[in-house]
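For reference, the structure is listed below as structure tokens.
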Amino acid sequence: MADLTYRQAVGRGIAQEMARDPRVYFIGEDIAAAGGVFKTTEGLHERFGPDRVRDTPISEEAITGAVMGAAMNGLRPIAEIMFSDFFATCWDIVANQIAKARYMTDGQITLPLVIRSANGGGARFGAQHSQAMENWAMAVPGLKVVAPSNPRDVIGLLAASVRADDPVIFLEQKSLYASKQDVPEGEIVDELGKATLAREGSDVTVVALAAMVPRAVEAAEILAGRGVDVEVIDLRSLVPLDMTTVLRSVAKTSRLVTVEENPRLCGWGAEVTSIVTEEAFYDLDAPTLRITTPHIPLPSADTLEDLAMPSSATIVTQIQRVANG
Amino acid sequence: MADLTYRQAVGRGIAQEMARDPRVYFIGEDIAAAGGVFKTTEGLHERFGPDRVRDTPISEEAITGAVMGAAMNGLRPIAEIMFSDFFATCWDIVANQIAKARYMTDGQITLPLVIRSANGGGARFGAQHSQAMENWAMAVPGLKVVAPSNPRDVIGLLAASVRADDPVIFLEQKSLYASKQDVPEGEIVDELGKATLAREGSDVTVVALAAMVPRAVEAAEILAGRGVDVEVIDLRSLVPLDMTTVLRSVAKTSRLVTVEENPRLCGWGAEVTSIVTEEAFYDLDAPTLRITTPHIPLPSADTLEDLAMPSSATIVTQIQRVANG
Amino acid sequence: MTSATDSSAIGLPVPTERLLELYRMMLDARLFEEKAHKLFFEGLVKGTSHLALGQEAVAAGFAAAMRPDDLTFCTYRGHTHTLLRGADMAALMAELLGRATGCCGGKGGSMHLTDVAVGAMGSYAIVGAHLPIATGAAWAAQARGSGQVVVVFFGDGATNIGAFHEALNFAAVWKLPVVFVCENNLYMEYTPIGSVTAVPNPAADRAATYGLDGIIIDGNDVEAVYAAAVEALAHARSGDGPLLIEAKTYRHGGHSRADPGTYRPDEEVKAWLDRDPIPAFRSRLEAEGVESATLAEIEAASSAAVDAATEDARNAPFPDPATLETQVWADGGSRWRT
Amino acid sequence: MTSATDSSAIGLPVPTERLLELYRMMLDARLFEEKAHKLFFEGLVKGTSHLALGQEAVAAGFAAAMRPDDLTFCTYRGHTHTLLRGADMAALMAELLGRATGCCGGKGGSMHLTDVAVGAMGSYAIVGAHLPIATGAAWAAQARGSGQVVVVFFGDGATNIGAFHEALNFAAVWKLPVVFVCENNLYMEYTPIGSVTAVPNPAADRAATYGLDGIIIDGNDVEAVYAAAVEALAHARSGDGPLLIEAKTYRHGGHSRADPGTYRPDEEVKAWLDRDPIPAFRSRLEAEGVESATLAEIEAASSAAVDAATEDARNAPFPDPATLETQVWADGGSRWRT
Ligand SMILES: Cc1ncc(C[n+]2csc(CCOP(=O)(O)OP(=O)(O)O)c2C)c(N)n1
Ligand SMILES: Cc1ncc(C[n+]2csc(CCOP(=O)(O)OP(=O)(O)O)c2C)c(N)n1
Ligand SMILES: [Mg+2]
Ligand SMILES: [Mg+2]
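Residue numbers (this note's numbering), protein chains in the order written: chain A, 15 to 339; chain B, 15 to 339; chain C, 702 to 1039; chain D, 702 to 1039.
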């Protein structure tokens, strides 16, 4: 076991896969010589050489186009989009090309590629470097969407993403980069579409993702002291979406709360909630509840940004409404 | 009154606003001399001259950037993005710049602009020219999203959009362009955020948008013959979202069905459903139901495309499940 | 501006056999698309179709010069490019008609013809988007040392979109084996390219921005195209990096579907129809001594092939409804939940 | 390559008063940013900040040449550009500190300084995105006949993104009154621009692609910048269309935050520090006979202004939590439902 940061786990995950499979290449802005602006990819350039780990121009369409074309022609590439906000600059390649190529060609084209990106708020970077856009990706048929909440899962899910034969949008939550965990040595490989129980409980089901998982767990611990036993589900991937785990939990608790970092409208929380109210309506004993960032761009000032994103304190307050409902 | 197609209504709506306000300019690809690839804008170039109605290069970032910058400097411009799929090529300008400018500057920048586009399927154009992307726009804080279902509303809502001081994504449903309606002469101006009852009913609330409205009404007529009295709500705009009308209807019917053209995950139907199950849980007597296109890119073949999109027949079958539930 | 046509470099004169092959290719493309046009008006080709009638020499010249493992990327105006790489004609026709036997099972349609088995890596319907993708395929060729060259075709209008710029710079900096071929047919949909472009030659005049030579060729002269293609492929294959070629050509008809193309001046249309690449090349072949009977044989064969493909497609079944939800994912299905 | 500096055209020699103004502007910018840097390490400037230390001559030269109603668009590295258009220093400093009195009420932060009242139309943090937007503002100026010119600043790295290409072509074709100013400081974040760009001068070598002249200026010589700016503004204002200017310069520090910039060769850093635009210009002013006392007075005033602004900002309140949900819409609120 070694104490590993989420940031370091990214580098270890990429290295694990590059060492295993010579078809894995990695490109992006400042990811090679400089080791990445979040220092996630330090040492990869030295270890795997300048051909397999390569800096690009500031050309997000060229970067995402490059991994798409390369995946069509024998590589299993990884690209970094530095901040997930920049997906907007290459959304055509991601949403119209990568996501649709297999279907449009009836399976002739297979795209084993991963696009990693630093997602979400909390760093006081303002509205153009902070948004959580997991719901953008989830809304596009043909993309798998992964968002780990801890260092171990970064490695396991990154490995699963690289090994998947489908395009994966892999979102690393910025606010988690400094978080630490004891992670076993050796290869770690997970499966996509398997949620985990971050905390078992019997009174309320709380479904969370990425940075919202530790906050939900913290809230659950507080609520435990107040007699509310919360089950926290870490979704880990949005596509595939592990509804089996969610529905099983709701059958037990009869109460559903989702905690999303993304802005209010059309988030994954709405999707999960709607599936539950369609398929498990009679299991529910109280109104469903979605906790999200308000439907606003994120502000830069620290005091405002902290107010915007769901905190463990707001999660506690909100859950109490449902638990007593 | 005159019989007007949805297609013609677009041109009439633009003309109404351009004649009224000299600050209204209109740009896009092939919209001027050629009158638009869907023939929606015929005659505007002749009537308002080459300065106010102008063809652009194939440069969607330049087009959307142009209307943003122009709106910052005294115009009230309209841009056409020929097919809504192409929003992906300028999503950064739309979602990161236009949507966020006012908030980031704390109100210093006002963007009275409209971006119109032909949205949705049914024309056998395949996955890159057919998607319904209203949920993409709805998910981005700072964008208003309008999608009329009939010629009269095209004019009224377009006028409201042009007169709004906020950026509006105005989606014209491709499959409705040929539809006709008797429309009164003279100025028509509506308000954004006002849903209408396309059909009154007491047994089930069906919420629909754009091309799904006539299909839902057709389904309702069939169901009326089977003893199910369906209320059909035409949302007309997703932002602002008229939840007052929806909640009032659900209070009456106790049953909620949404009919969306967009693919399954994270659509507006999930949003509306989640709001209802949070705020009107105890009004509901049956599971909620979302009818959508499956979570797939749209196929080109006519037989497959027809199967993919919600038809009045599938709406009938699905609603019956809830009505009897 | 330099010319890519250096006859000595490619061992000109081109052998007669190859010339006849070029003739056959152009004819196949021409007759295939004329038939597609007819079927569109019969209501059998649904949605839309963008014909390259008049532009066949570009597709033929390049396809003839390519190695079987080289890769082609083209646009919605891609029937010809896909066909001439060797895709099965009946499968293409069936795709236009939305049939189960279509090359994409009916899911792609006219704008998305693809046949990966012959290196036709797809027809892309968002202007310019395939340039970065083709660049990526060339990167993989370089990385794997496969010796493949990627050829990507696009229109004049595509030169004003951002993806063009990003792809060209990227390919140039990484010295990737990709040949960018702009088919300048003077129009975007209905708007003349000259009215919205800052330079007269939308591709060639921009080559210097990427440290490349601006190459202009006569896109209606199939021999010139072939010669340029041979040279460009050799250049790219040898590791000398990308090339940007602007082929001047013209589409005989409108942009798509039922567009009659009336926005174009009559004299312009006439002048270009007079330069139709097929009769011009036919005359040249005759002048060079090819027997009329040989040509007539090719013509008959092309015509018969198109008829057979059409018959096949007309009789093909519609897609099994179950296929609606297949092939979103590599496991063949479309399930997004577990 | 032509030079924009034609001294006769702008009535050189520049009057001393204007020269002193340029000196003051550069000093204000320098001292403001040095203070911001200090406050970042004190933990008072949150998140990030991108300093233009060393690049002040570009911002000063242009700002001094602009008309009050002209419009500036800049990047996340935009403190200096915004300040020198006349934004209130205390409001900028407060914005960096996330305070209620910030120019954007704390919502923008370092990367989004904006003061519309003085024509500072925003700092944009997505590379290249503001080029099309600035182009649009120039379109409105043309349409309204306002006589305004738009000046848009961007880095060398921005020349490889699609938006650059689209904006330049669009502005050129419509002959819009916009001056594109590339501040080539040799680096993107940590990667040298030369390693990812197909031409040596990333902006100037691309001008021909838009039918423009490639103009290179010494971005560390404030007089040269000012002269080029006067000429460029006159050109654009007279309806002759856009210009693309590449100013060669260098950032003294790292890219952002705590980056020490160690990826840069020592000799390179040293050579450019020796060419610091401020002491160089000070010496020139002294050589031209400006009294030391006059300069010292300016220096003291700048320093006092920065101190006062800092004090102000430090003491300013944090934003009212209620403002979190204001100003999404023109009605001042953020309600998305009715
Ligand atoms: C990004 C984008 N914008 C607009 C369109 C609509 N469109 C399809 S073809 C076309 C014209 C393209 O012209 P050109 O590149 O010259 O190719 P050609 O059709 O002449 O072969 C346009 C505007 C599109 N498909 N993609
Ligand atoms: C589209 C996009 N890609 C990447 C980034 C991250 N990024 C911010 S600044 C920067 C370097 C920009 O370099 P340059 O244009 O030379 O400007 P400079 O920072 O040197 O002033 C990068 C890559 C971004 N903000 N936007
Ligand atoms: Mg063309
Ligand atoms: Mg730079």
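Using N, Cα and C, we set each Cβ at its ideal position, and we do this for glycine too.
| Query | Result |
| --- | --- |
| Residue-chain proximity (E292(B), chain D), Cβ-Cβ < 8 Å | no |
| DSSP beta-bridge partners of Q187(B) | N133(B) |
| Exercise answer, beta-carbon shell around ligand 4 heavy atoms below 6 Å | G856(D), D857(D), G858(D), N886(D), Y888(D) and M889(D) |
| Touching by the beta-carbon criterion (3+ pairs, under 8 Å), the stretch 969-979 of chain C and the stretch 902-917 of chain C | no |
| Residue-chain proximity (P716(D), chain A), Cβ-Cβ < 8 Å | no |
| Min CB distance T119(B) to chain D below 8 Å | yes |
| Beta-bridge partners of P893(C), as assigned by DSSP | Y888(C) |
| Within-8 Å CB hit, F855(C) to chain A | no |
| Integer-rounded CB distance, given that R778(C) should sit under 8 Å from A753(C) | 5 Å |
| Neighbouring residues, chain A, relative to L1025(D) (Cβ below 8 Å) | P308, I310, P313, L318, L321 and A322 |
| Residue-chain proximity (V852(D), chain B), Cβ-Cβ < 8 Å | no |
| Contact with chain C by P301(B), beta-carbon distance below 8 Å | no |
| Interface positions of the stretch 909-923 of chain C facing chain D (Cβ-Cβ less than 9 Å), listed along the chain | A909, T910, Y911, G912 and L913 |
| Minimum length 3: unbroken beta strand (DSSP E) runs contained in the stretch 912-963 of chain C | 916-919 and 944-949 |
| Any chain D beta carbon closer than 8 Å to R34(B) | no |
| Distance between beta carbons of I107(A) and P716(C), contact taken as under 8 Å | Actually they do not touch by this definition, with Cβ atoms about 42 Å apart. |
| Any C-beta of chain C under 8 Å from that of T287(B) | no |
| Spatial neighbours of L934(C) in its chain, beta-carbon cut-off 6 Å, leaving aside the 5 residues before and after | A766 and V850 |
| Interface flag, T815(C) vs chain A, CB-CB below 8 Å | yes |
| Cβ-based contacts, 7 Å cut-off: residues of the stretch 135-161 of chain A near chain D | A137, R138, F139, G140, Q142 and H143 |
| Which of helix, strand or coil DSSP assigns to E43(A) | coil |
| C-alpha distance - F881(D) paired with G215(B), whole-angstrom precision | 60 Å |
| Which residues DSSP lists as bridging Q849(C), in chain order | Bridge partners of Q849(C): none, in fact. |
| Same chain, Cβ closer than 6 Å to P311(A), five either side skipped, listed in chain order | A141 |
| Span separating the alpha-carbon of M82(B) from that of I112(B) | 6 Å |
| Contacting residues, own chain, Cβ-Cβ under 8 Å from S131(B) (five flanking each side not counted) | E94, I95, M96, F97, S98, F100, F101, I183, F184, L185 and E186 |
| Residue burial classification, K739(C) (beta-carbon count within 10 angstroms, cutoff 16) | exposed |
| C-beta contact flag for A178(B) and Q30(B) at 8 Å | no |
| Cβ pair count under 8 Å reaching 3, the stretch 258-267 of chain A against the stretch 287-296 of chain A | yes |
| Short-range partners of chain C found in the stretch 98-120 of chain A, where Cβ spacing is below 8 Å | D106, I107, N110, Q111, A115, R116, Y117, M118, T119 and D120 |
| Contact with chain C by D44(B), beta-carbon distance below 8 Å | yes |
| Endpoints, the alpha helix (DSSP H) within which Y724(C) is located | T717 to F742 |
| Boundaries of the alpha helix (DSSP H) in which G170(B) is found, first to last residue | P165 to R177 |
| Within-8 Å CB hit, M702(C) to chain D | The predicted model places M702(C) with a pLDDT of 34, which falls under 50 and marks its position as unreliable; any figure quoted below should be read in that light. False, the Cβ-Cβ gap to chain D never drops below 8 Å. |
| Straight-line Cα distance separating P1018(D) from G915(C) | 60 Å |
| Where V51(A) meets chain D, residues with beta-carbon distance less than 7 Å | E890 |
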